[in-house]
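Single-structure report; data block below.
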Amino acid sequence: MTEMIVTNNLSKSFGDNLAVDKLSILIPAGEVFGLLGPNGAGKTTTIRMLSSLIGPTGGEAFVAGFEVGKNDYDIRKNIGILTEAPGMYDRLSAERNLAFFASMYEVKDVPGQIEKYLRMLGLWDRRKEEVGKFSKGMKQKLAIARALLHEPQVLFLDEPTSGLDPEASLLVREFIQELRHAGRTIVICTHNLNEADRLCDRIAVFKSHLLALDSPANLRRQLYGRTVVFHLAEANEKFRGVVEAKEFVQEAKLAEGKLIVTLDDPEIHNPELIRVLVEQGAEIRFVGELRRKLEDVYLHFVNASSNSENNNEHN
Amino acid sequence: MNTTKIWEIMKKEWGEVFKNKIVLFAVAFMPILFTVLPLYILYSTQGGGDIAQAFSAAEEMPSEFAAVCGSLTGSDCTQFFLVSQFIILFLMMPIIIPVTIASYSIVGEKTTRTLEPLLATPLTTLELLAGKAFAAVTPALVVTWLSYIVFMVGTSIIASTAVFLKLLEPVWLLAIFGLGPLLSVAGVSIAVMISSRVNDPRIAEQLSSLVVLPLLALFMGQSFGLVTVNETVIIWIALILLVLDAGMLYFATQLFQRETILTRWK
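First to last, the sequence lines map onto chains A and B. Heads up: the first sequence is residues 29 to 343, going by this note's numbering. Heads up: the second sequence is residues 33 to 298, going by this note's numbering.
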């Protein structure tokens, strides 16, 4: 698998402030990667370093095979970036904005690419209008079109749905899914954990340094195992005891008339649990998985990091 | 250096900046004022005026006026002397207009948050600054030279042939077509340097406008008879500006640090 982004101990300091501390990640081609962290965690700084906008103060990074700080021109040619603010020229039309950036990216078929992305994002009919008259959602979509004009291999999206209404957010998310299917490598920097959960193959929880790195599902599993909820006609201690006696069950408890079971692999062990419960006379009405929010995972790592920092300060 | 990118930046600048009323006012109003004012003075002194009458009454012209006017008659000398004071105005245009444009175009990129996506493109700092600088200098020079042409056409109609020919002397042509571009480059370099460090277009413009002070001093000096603007003075100023421009352009490019601009600006 080709690695599209590689960082080895990538660091960035602003004076005494260590914004990014020895970040080491590998992002394969075609992956949607989420960078999560609180404000000031260094997410934007990381994206800026990987976009060759600012230089690292330590370590090294490679994007699309080019080294940050040494092949910046090549990196900029091969990446697209959606910055935190859309940043469009308000007095120019949507079409003129894109034409300008297309020429900066040395795009060969400027009119063709503009039409392709404006149509894709539903802005073709508004192409002659000044961008200053656009809503925030339209500007955001236009900024996404700008990031894609030159068909970059890697796309950095900083808060892609920030400030958008639900309809526009959905459109942007669907568009990101389309880009994923087209094989682009996408790095999303977001505070929207629900969005990260839906879009990202893997996430990095980050607060100056890396706190966790894996797929959302694996992180949930690592922290909480998997929890199956049995909705029974009558949940009682007998059924709980039978289930908990199974060696593969980590925990079984009763809550609100339901039997809640924590185990490693529900796909393999659920049939056996159902069989045992039915044998014991349980009337099973519904079985579902209790899905932990990514927010729980995120807060677990971020709070643990904060507590650790506080302890270090006290010591 | 990619000239296509520079040209695209220039076109974008003009499309964006000239929709700004403050910039438009600076580019349009000043040339009109600086062209109409000398023409009005020429028109109002057509009859000669008091100075001309005084010259006529005197047996000979004072030596200072004779040095400036040469063989012109008293009335023509009056016109030429007054109008020649305004040569400096035609030198202010190429410096004030680009300073206004450059101040808005660079700080404007910061305020509209377009600088980051622009710097993320494969565009070199030199290409970016060249595009910005040419976008500021070109209209300033075009407007200055057009104003001068309008002024000369007006002079040919209002003033005598002798005054008109006097205004076509090398000192004027050297100032307008030689000194003008050098002053524009100086103005833009200073505007770029200041714009790289401040976040408000108005502050950038106000600070950059201070570059006009040496010209004002020259204007005052000429008006009070302390300095006579002749070929030698113009050539010296041009030579000094040539050296200063080279140095300032270098420093402007060095001061435009992408990282500093992106990370300091909030």
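Using N, Cα and C, we set each Cβ at its ideal position, and we do this for glycine too.
In the DSSP annotation of this structure, the continuous segment of the beta strand (DSSP E) that includes Gln-278/A starts and ends at 277-283.
With a cutoff of 9 Å on beta-carbon distance, Gly-140/B and Asn-52/B are scored as near each other. Listed along the chain, the chain A residues whose CB falls inside 9 Å of the CB of Lys-37/B are Ser-131, Met-132 and Glu-134.
Rounded to whole angstroms, the Cβ separation of Ile-82/A and Glu-291/B is 4 Å, and the two are in contact under 8 Å.
For Gly-47/B, the closest Cβ of chain A is nearer than 9 Å. The CB of Lys-51/B comes closer than 8 Å to the CB of Arg-119 in chain A, given here in chain order. With distances taken between CA atoms, Phe-128/A lies nearest to Glu-48/B out of Ala-218/B, Glu-48/B and Thr-67/B.
Taking 9 Å as the threshold, the shortest C-beta distance from Asn-34/B to chain A falls below it. DSSP, read as helix, strand or coil, puts Ser-243/A in coil. Here the alpha carbon of Asn-220/A sits roughly 8 Å from the alpha carbon of Ser-190/A. Taken through DSSP and simplified to helix, strand or coil, Arg-230/A comes out as strand. Fewer than three beta-carbon pairs drawn from the segment 194-210 of chain A and the segment 36-50 of chain A are found closer than 8 Å, and the two stretches are therefore not classed as touching. For Arg-290/B, the chain A residues whose Cβ falls inside 8 Å of its Cβ are Leu-81 and Ile-82, in order along the chain.
Residue pairing of Leu-183/A in beta bridges, as defined by DSSP: Gly-108/A and Ile-214/A.
In the DSSP annotation of this structure, the continuous segment of the beta strand (DSSP E) that includes His-259/A starts and ends at 254-260.
Against chain B, the beta carbon of Gly-115/A has neighbours under 7 Å at Thr-144, Arg-145, Thr-146, Glu-148 and Pro-149, listed in chain order. Counted as a single uninterrupted DSSP element, the alpha helix (DSSP H) harbouring Gly-186/B occupies residues 157-190.
For Pro-294/A, the enclosing alpha helix (DSSP H) begins and ends at 294-307. Lys-164/B has a beta carbon lying at 9 Å or more from every beta carbon in chain A.
In this model, Val-195/B and Leu-206/B are separated by some 18 Å (Cα to Cα). Setting aside the 5 residues that flank it on each side, Leu-121/B is surrounded in the same chain by Phe-66, each with a C-beta closer than 6 Å to its C-beta; the list follows chain order. Taking a 10 Å sphere around the C-beta of Ala-273/A, we find fewer than 16 other C-beta atoms and assign the residue as exposed. Within a 10 Å sphere around the beta-carbon of Val-306/A sit fewer than 16 other beta-carbons, which makes this residue exposed.
At a cut-off of 9 Å between beta carbons, Ala-122/A makes no contact with chain B. Beta-bridge analysis with DSSP links His-237/A to Lys-235/A.
With respect to chain B, the C-beta atom of Tyr-101/A has a partner C-beta closer than 9 Å.
Within chain A, no residue has its CB atom less than 7 Å from the CB of Thr-170/B, the nearest being about 18 Å off.
The C-beta of Thr-153/B comes closer than 9 Å to at least one C-beta of chain A. When secondary structure is reduced to three states using DSSP, Phe-256/B falls in the coil class, being assigned neither helix nor strand. With at least 16 other beta carbons inside 10 angstroms of its own, Asn-125/A counts as buried.
In terms of Cβ geometry, Ala-223/B and Ala-134/B form a close pair [threshold 9 Å].
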